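> For what it's worth, our numbering labels the leading residue of the sequence shown as 3, then goes sequentially.
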Amino acid sequence: MVRPAKRKPTTPKPAATAPARGGTPWLEWAAAAVGLVLILGVVAVIGREALTAKKGPPVISVRAEKVTETASGYVVDVTAANTGGETAAQVVIEGELVAGTPEWREATIDYLPAGSERRAGLVFGADPRTHGLKLRARSFVEP
């Protein structure tokens, strides 16, 4: 009977995890530095916002930008600005012509964040430039 020859057990070779010179590659250090700068920047911005953010309710102002005559009437482009510290939702903008036959129109702005502006349009039958246009923000809800 022939016995098979004994073989030496082979040990797996360790995977190369470090460069041949024994240090961390410079590209890895650069990537780590970029990541650290980004994280510190995000933390700084969030911290600044938390410390300096305005407090208080929305403060909404409305102004007319321009009036355009169309086939369906006169379109008044209005801009609503929120200079307060909180966001407003469902902002109702009202326009009124006070001279001649009174006309009321309204538009709803879905979402008006603090420190932002949104545009809307009001359509009147008479020319707002000659009939005394009054604009105001009539209501809003907290989102």
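We put the CB at the ideal spot given by N, CA and C, even for glycine.
Just so we're clear, the structure is a prediction, and the values are computed from it rather than from any experiment.
Between residue 51 and residue 31, what straight-line distance do the alpha-carbon atoms span, to the nearest angstrom?
30 Å
> So does residue 61 have its beta carbon nearer than 7 Å to some heavy atom of the ligand SAM?
Among the ligands in the structure shown, none appear at all, so the ligand SAM cannot be discussed.
> According to DSSP, simplified to helix, strand and coil, what is residue 46?
helix
> Run through DSSP, which three-state label would residue 51 get?
helix
> Leaving out the 5 sequence neighbours to the left and right, which residues in its chain are closer than 6 Å to residue 144 when beta-carbon positions are compared?
none
> Locate the beta strand (DSSP E) running through residue 123, then write down its first and last residues.
118-126
> Identify the residues that DSSP records as bridge partners of residue 97: which are they?
BP columns for residue 97 point to 107 and 137.
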